[in-house]
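Asker:
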Amino acid sequence: MVQISSARLFCTVVVTVDAGPEVIDDMLEHARLGITTGFGECEGFIAGALHVSTDRTRLVQYLQWDSEAAYLRCRDDPKWDELGSTKTFMNHIRTGRALVDARLFEVLADSGQPTLEADQGGSADGRLR
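To convert, note that position 124 of the sequence shown is 124 in my numbering; the numbers rise steadily by one, no gaps.
1. What number of angstroms, rounded off, separates the C-alpha of Arg103 from the C-alpha of Glu22?
2. Rounded to the nearest angstrom, how far is the Cβ of Thr16 from that of Arg58, given a contact under 8 Å?
3. So, using beta-carbon positions, are Gly44 and Arg73 closer together than 9 Å?
4. At which residue ranges does the region 76-120 contain complete alpha helix (DSSP H) runs of 4 or more residues, listed in the order of the chain?
5. Name the two residues that bound the continuous beta strand (DSSP E) containing Leu33.
6. Ignore the nearest five residues each way along the sequence and tell me which others in Phe99's own chain have a CB closer than 6 Å to its CB.
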């Protein structure tokens, strides 16, 4: 399960894919394979989530790794070259039919768990703060 926390030192990778309706399903297939099977075989993978915009023109893949080195090892693993979906994915990028951006992020702040004011010696009515 994806955990967003500024208290833990994860390597967070966010991948966005912009593509038209004629290729978005190909891009989605490759991203889905990464989330459901491929990354799970890589040491250091913690969790991931895949989102598609409601107009089906953008994918957002959110990945967590225990370190940047673990992410880079998995990304550079030759096993990806053997997947047919990788060839299709890369072809759409090379031909300009899809734009991909992958960036590493640090979590600087998070919403955390809400606390009850009563727990803090405040209001006894249980209002969240």
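Glycine is no exception: its CB is placed at the ideal position from the N, C-alpha and C atoms.
Answerer: From the atom records:
1. Approximately 25 Å, taken between the alpha carbons.
2. Between Arg58 and Thr16 the Cβ distance is about 6 Å, and since that is below 8 Å, they are a contact.
3. In this structure, Arg73 lies closer than 9 Å to Gly44 by Cβ.
4. Counting whole runs of 4 or more residues, the region 76-120 contains the alpha helix (DSSP H) stretches 84-94.
5. From DSSP, Leu33 is part of no beta strand (DSSP E) but of the alpha helix (DSSP H) over 24-33.
6. Checking the sequence, you will find Leu at residue 99 rather than Phe. If we look at Leu99 and ignore the five residues flanking it on each side, its Cβ neighbours are Asp18.
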